[in-house]
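Comments concern the structure below.
Okay, structure coming up:
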């Protein structure tokens with residue numbers, strides 16, 4: 058249960074940090090596409106530069122491609138359903154689609170982090186924890202801002218819904234990992250590329266919708282480059 062506790066603390070801390078940063082950014086009139094762009098860059102780097110190569114070594118190229126494709130397809134399918142549902146007609150903008158994508162890919166991330174924590178300990182898992190926390194903070198910041206949890210008003214989703222969607226999926230994934238680690242150990246290897254495919258779908262599909270809505274694609278792209286560079290430098294500081 059130590060792994061679940063650590064993942065839960067990480068989830069609560071990143072959600073709280075996202076709300077505080079969103080309030081500060083709104084008060085300072087920060088460009089609203091910086092956070093989603095930064096998160097997208099981090100996720101693309103993690104998915105293609107770290108998750109995919111490691112998964113190829115663990116389960117092979119074919120299984121890695123299949124798992125990543127399944128993750129991306131799941132996010133695309135769920136996002137498409139939400140985009141055509143009454144939620145998207147409620148004046149919430151891109152928030153429902155981002156929320157669904159966020160929740161879906163945070164579950165396998167929580168699963169993977171908890172599995173590494175349980176099997177190898179905190180020291181070995183530290184680089185993964187730092188990477189997951191870093192990009193989750195950025196993507197939660199994008200979701201919190203889009204959902205209006207930092208400044209409830211017209212067009213804002215209920216605050217408790219935004220906070221629950223942002224916080225609960227990671228501990229849920231950790232609980233599943235803790236409960237089923239001894240039953241299906243091979244699932245741990247598949248969880249990482251599944252989450253990687255979901256990251257790509259969120260980074261290339263869900264998050265850019267915020268930039269398109271406000272016509273700031275160039276700023277989004279620049280922030281994405283910054284996000285990718287930051288996670289690359291983190292990999293140098295904290296070698297896995």
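In this note's numbering, the protein residues as written are 58 to 297.
C-beta atoms are modelled at their ideal positions from N, C-alpha and C, and glycine is treated no differently.
Worksheet entry | Local conformation of residue 94 per DSSP, three classes | Three-state DSSP puts residue 94 in a helix.
Fill in: 8 Å contact criterion, which residue 195 and residue 99 should meet: CB distance rounded
Rounded, the Cβ-Cβ distance is 6 Å, consistent with contact.
Worksheet item: Between residue 167 and residue 231, which are expected to be in contact by the criterion C-beta below 8 Å, what is the C-beta distance as a whole number of angstroms?
Response: About 4 Å; that satisfies the 8 Å criterion.
Discussion item. My output table needs one value for residue 105: the three-state DSSP class, helix, strand or coil.
Written reply: Residue 105: helix per DSSP, three-state reduction.
Discussion item. I need the DSSP call for residue 4, collapsed to helix, strand or coil.
Written reply: Residue 4 falls outside the range modelled here, since the chain spans only 58 to 297, and no answer is possible.
Discussion item. Quick check: the Cα distance between residue 132 and residue 289, rounded to an integer number of angstroms?
Written reply: Using only the alpha carbons, I get a separation of about 25 Å.
Discussion item. With distance defined between alpha-carbon atoms, name the residue in 92, 270, 108 and 104 nearest to residue 258.
Written reply: Taking residue 258 as reference, the option from 92, 270, 108 and 104 with the minimal CA-CA separation is 104.
Worksheet item: Whose C-beta lies closer than 8 Å to the C-beta of residue 246 among residues of the same chain, with five residues either side of it excluded?
Response: Only 112, 115 and 116 meet the Cβ criterion.
Discussion item. Can you tell me whether residue 100 is helix, strand or coil according to DSSP?
Written reply: Helix, per DSSP.
Fill in: Cβ-based burial, residue 72 [other Cβ within 10 Å; buried from 16]
Classification of residue 72: buried, given that the 10 Å Cβ count is 16 or more.
Fill in: Residues of its chain near residue 211, where Cβ-Cβ distance is below 7 Å and the 5 sequence neighbours each way are ignored
Since pLDDT at residue 211 reaches only 45, below the 50 mark, its modelled position is unreliable, and the value read off the structure follows with that caveat. Closer than 7 Å at the Cβ level, and outside the excluded window around residue 211, lies no residue.
Worksheet item: Which of the three DSSP states, helix, strand or coil, is assigned to residue 118?
Response: In the three-state reduction of the DSSP assignment, residue 118 falls in the helix class.
Discussion item. Our contact map puts residue 125 next to residue 253 with C-beta atoms below 8 Å; I'd like the distance itself, whole angstroms only.
Written reply: Indeed they touch by this definition, with Cβ atoms about 5 Å apart.
Discussion item. My assumption, with CB atoms under 8 Å, is that residue 109 sits in contact with residue 250. Please give the rounded CB distance.
Written reply: Confirmed, Cβ separation roughly 7 Å.
Worksheet entry | Cutoff 8 Å; reference residue 136; Cβ partners in own chain excluding five residues on either side | Result list for residue 136: 154, 157, 158, 258, 262 and 263, in chain order.
Discussion item. In whole angstroms, give me the CA-to-CA distance for residue 273 and residue 197.
Written reply: Their backbone Cα atoms lie some 19 Å apart in a straight line.
Item to complete: In the DSSP assignment, find the alpha helix (DSSP H) that holds residue 159 and state where it starts and stops.
Response: Residue range 152–177 is occupied by the alpha helix (DSSP H) that includes residue 159.
Worksheet item: Got a sec? Which residues, its chain only, sit under 6 Å from residue 64 by beta carbon, not counting five neighbours each side?
Response: For residue 64, where only same-chain residues beyond five positions count, the Cβ hits under 6 Å are 167, 170, 171, 227, 228 and 231.
Practice prompt. Within the same chain, show all residues whose beta-carbon is closer than 7 Å to that of residue 189, passing over the 5 residues directly before and after it, in chain order.
Written response: Within the same chain, and ignoring the five residues on either side of residue 189 in sequence, the residues whose Cβ sits closer than 7 Å to its Cβ are 166 and 170.
Fill in: Beta-carbon contacts of residue 139 that lie in its chain and below 6 Å, excluding the five residues immediately before and after
For residue 139, where only same-chain residues beyond five positions count, the Cβ hits under 6 Å are 153, 154 and 157.
Worksheet item: If you draw a straight line from the alpha carbon of residue 60 to that of residue 255, how long is it in whole angstroms?
Response: If you take the alpha carbons of residue 60 and residue 255, they lie about 23 Å apart.
Worksheet entry | Cut-off 7 Å between Cβ atoms - residues of its own chain near residue 69, not counting five sequence neighbours on either side | Once the five neighbours on either side are set aside, the close Cβ partners of residue 69 are 224.
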